[in-house]
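Undergrad: Take this structure first; my questions come after.
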Amino acid sequence: MPTSLNPSSQASANTAQTAVDLPVHVLAGVGSKIEGQLEQLGIERLFDLLLHLPRDYEDRSRLININDLQDGQSALVEGQVTYVDNKRSGMTVVIEDATGALQLRFFKVYAGLAQTMTLGTRLRVFGEVKISRYGVQMAHPEYNVVAPSAPVVNTGLQPIYPTVKGLHQNKLRTLLKLALQTVYQQGLPLTIFNSSDWEAVNHLPAPLPKNAYGLPVTTPTQQAVNTTTNSSAPSWQNLTLFEALTLIHTPPMHTDIMLQVAQLEQLKERTHPACQRLIVEELTAHQLSMLYRRKQLHQHKAPKCDKQSPLAYKLLANLPFSLTAAQNRVVNEITSDMATSIPMLRLVQGDVGAGKTLVAALAACYALDSGWQVAVMAPTEILAEQHLINFKAWFEPLGIGVGWLAGKQTAKQRREALQAVAENEVQVVVGTHALFQESVVFAKLGLAIIDEQHRFGVEQRMALTDKGVADSTPHQLIMTATPIPRTLAMSAYGDMDTSIIDELPPGRTPITTVTIDRARRDEVIERIAANCKEGKQAYWVCPLVDDSSTLNAQAAEATYADLSERLDIRIGMVHGKMKGAEKQAVMAAFKNGDLDLLVATTVIEVGVDVPNASLMVIENAERLGLSQLHQLRGRVGRGSTKSFCVLLYQTPLSETGIERLNVLRDSNDGFVIAQKDLQLRGPGELLGKRQTGNVGYYVSDLSRDDNLLMIASHLAKRLINDDSRKAEVTQLIHRWMPEASKYTNV
Ligand code: ADP
Ligand code: MG
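Per UniProt numbering, residue 1 is the first one in the sequence shown, and the count goes up by one each step.
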């Protein structure tokens, strides 16, 4: 067996623990009940607690004039009641000070409220300000009746934390102060960066996001820090991690109200230098973990594959078309990697229809010609089946055995398949994650091809690399149709080399996309039926009801029944709950033109290739992600007929909802769409849940912090090659990624 790449057993051996790594129960007052509540918030260590950042702050230090109020601000205001409107639907009260009027809205009118709210009463209210075309409002503010010019009891700035039932703000505030104190008293180093690291990133071309933060940051120890670092450095670099945490949990008071409001706004938005200080550290830890994985991988040996492949020539000669320039370039990049004994880890990105499958098949040829086996893995059975069909068609005529391993096989089929793989009777094995399982033993695995990488986690990928023969790690080729914006690629795939197929095969006709209100669904049905009668083929994609495949299948079945009853065209259906053979038969019938309309769930999102299908209707399009819609739409526009995609949406649709669908209507470019998706929905949605689980950030947000990511990437590269700092680096990764030990040997 090769030495494992994910030896979780050794992982924690060299982790030096510091105060922040201790469990929260070391704090006074944290018993099992509070420990449980904190756990619900994802807090186990002191470090987790310190990174439990306020979602807002209350400023009760002073009264704010009504005309100085800003939208979203939590403020203390004093005024006299000048209007009361008490209805069953709720109560509106207006208070006025010398500068303006503020509406207080109470949707629940409880006993005592009506008695208090009488004209002329002087109130002091605290709440979140909402400014809209209806005026300046507060909903359900806290209120007190006060005598004129009563003194303000200054309770300072109070952080408000995300919490769970039963765990009060005051308790969290106390715990955080205690945690900060504990860390301070231990005097242990919290950070691994030194001034020369900062020096190094100071010289980066554009180190600063939007450059001016506008705020002088004052902390007790700042002066001392300032003398040791470049005074022209951006202020986040002047903060130690401890200072940054202190500032976030106990922000200083500014006497200047504008500064105060701006500070709280920046803290809330996480654009404050103190937040940025944390973000740089966190992103660096993540970058480092990936560089580490890469470094480890490079210590292994992979099979050298000959750069000449007769098989590839034969395969190409059998095709009715030639490679695009982009496909050619990417195949070259891959085979250059495979010609060395350094294990390849290459991500091939290409928009839907760019021809990734063929590129993968050619890569396979080089491994096969050098006597190695190839595994081809896809995240869903339907996609794996498509690959099976293609690979069989391409390879079997050339005398290469193609095997199949998936979840839904009989015990006998599986046993035979496993044996064929183990005895090198089949040289190409196609399958789902069933290929990762321990019982799968390859005779000579040389190349693992993984399609649609974002559905697989890093751990799974690592499991496959352990399946090489003794002293040999397979090359890995990963293909994704989700065009990944640079930021995201850097953070999620920083350990890989990337190739981009940035060209579609010739002869494709652009898809026209329209958005239509669901109220006009009947019209759409008529139009589709008419088109089908003219010999066109269409997909009807059913709404994603929820995460459960059963419910989604039911939605597809209902639509299938309904459309079958209404229309006299040939209709078929596929969904995730159907048996493999059943699905295959339906897909084959559709491909052969024996069906006009295919009702489907999003199982057809990836890989399905029926060039004659030129129409697609997607119901409840507003519920799907942009990239997912783009993938779905990529099932049409594969032939020479003009293709149409109809996005049916349910009204009312929010402004973002409309904006999102319009992005799709206006662009056929996967990169443009992915970038927009990242902005509108955040990285988790784009990469899929599993991947997000690995990325799991405390403070960072890739759509907001991309400039900081550049800095982090630089810092990480600087640290990774400095052996004298290995222990610090290990500590940093473990602190920010306690889960990393599962797949990173640091
Ligand atoms: P994707 O990148 O989305 O996985 P596929 O590999 O499914 O795309 O390819 C889409 C279609 O384009 C397939 O029918 C494939 O045979 C065809 N194709 C691939 N490369 C070329 C090419 N160079 N010229 C013409 N058609 C091609
Ligand atoms: Mg594909």
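Even for Gly, the Cβ is constructed at its ideal location relative to N, Cα and C. Computed from a predicted structure; not experimentally measured.
1) Spell out a yes or no on whether the segment 465-480 and the segment 608-618 are touching, meaning 3 or more CB-CB pairs, one atom from each, closer than 8 Å.
2) Helix, strand or coil: how does DSSP classify A481 here?
3) Near T219, what residues of its chain come up, given a Cβ to Cβ distance below 8 Å and the 5 sequence neighbours on each side ignored?
4) Do C305 and M338 have their C-beta atoms closer together than 8 Å?
5) Per DSSP, F644 forms a beta bridge with which residues?
6) Along the chain, where does the alpha helix (DSSP H) containing L176 start, and where does it finish?
7) Taking the C-alpha atoms as reference points, what is the distance between K467 and L445?
8) DSSP on E78, reduced to helix/strand/coil?
9) Does the distance from the CB of V376 to the CB of V331 come in under 8 Å?
10) How many angstroms separate the CA atom of A727 from the CA atom of L176?
11) For Q308, count neighbouring C-beta atoms within 10 Å of its own C-beta (all shown protein chains included) and say buried if the count is 16 or more, exposed if not.
12) Whole alpha helix (DSSP H) runs in the segment 575-602 with 4 or more residues, listed along the chain?
13) By the 10 Å Cβ neighbour count, where 16 or more other Cβ atoms means buried, how is K356 classified, buried or exposed?
14) Below 7 Å CB to CB, which residues in the same chain sit around D71 once its five sequence neighbours on both sides are set aside?
15) Run the CB neighbour count on N390, radius 10 Å, all protein chains shown included, and call it buried at 16 or more, exposed below.
16) Since D59 is in the beta strand (DSSP E), which residue starts that stretch and which ends it?
17) Using alpha carbons as the reference points, say which of L680, T118, L76, I525 lies closest to D85.
18) For a test of the three-state rule: what should DSSP assign to Q40, helix, strand or coil?
19) Look up P159 in the DSSP assignment and give the residues it is bridged to.
20) Give the DSSP-derived three-state secondary structure of W394 in the structure shown.
21) Just confirm the distance between the C-beta atoms of V428 and F442, as a whole number of angstroms; I'd bet it's less than 8 Å.
22) With a cut-off of 8 Å, do at least 3 Cβ pairs link the segment 392-411 to the segment 308-323?
23) If I'm right that N668 touches P510 with Cβ under 8 Å, what's the distance once you round it to whole angstroms?
24) Could you tell me the distance, in whole angstroms, from the CA atom of P159 to the CA atom of T116?
25) From A600 to M573, what distance separates their C-alpha atoms?
26) Please confirm whether any heavy atom of the ligand MG lies closer than 7 Å to the CB of T324.
27) Could you give the residue range of the beta strand (DSSP E) that holds D497?
28) Should the segment 51-64 be regarded as contacting the segment 85-94, the criterion being three or more beta carbon pairs within less than 8 Å?
29) How many whole angstroms separate the CB atoms of Y697 and R518, which I take to be in contact at a CB cut-off of 8 Å?
30) On the premise that L41 lies in contact with V164, defined as a C-beta separation below 8 Å, what is that separation, rounded to the nearest angstrom?
31) Locate the beta strand (DSSP E) running through W736, then write down its first and last residues.
32) Hey, would you say L102 sits closer than 8 Å to V153, going by beta carbons?
33) Taking its Cβ as the centre, do 16 or more other Cβ atoms sit within 10 Å of K108, making it buried, or is it exposed?
34) What does a CB cutoff of less than 8 Å around S499 pick up in its chain, not counting 5 residues either side in sequence?
35) Roughly how many angstroms lie between the CA atoms of D256 and D68, to the nearest whole one?
36) From F126 to E622, what does the alpha carbon distance come to, in whole angstroms?
TA: Considering the structure as presented:
1) no
2) coil
3) Here T219 scores only 30 on pLDDT, less than 50, and its place in the model should not be relied on; the value that follows carries that caveat. Contacts found: L239, E243, T246, L247, P252.
4) yes
5) T512, L615
6) 169-186
7) 7 Å
8) strand
9) no
10) 28 Å
11) exposed
12) 580-591
13) buried
14) V129, K130, I131
15) buried
16) 56-59
17) T118
18) helix
19) Y57
20) helix
21) Rounded, the Cβ-Cβ distance is 11 Å, inconsistent with contact.
22) yes
23) 6 Å
24) 29 Å
25) 6 Å
26) no
27) 497-501
28) no
29) Not confirmed; about 37 Å, so no contact.
30) 6 Å
31) Where W736 is concerned, there is no enclosing beta strand (DSSP E), although the alpha helix (DSSP H) it sits in stretches over 726-736.
32) no
33) exposed
34) R329, V330, E333, I334, R346, L347, V348, Q349
35) 13 Å
36) 38 Å
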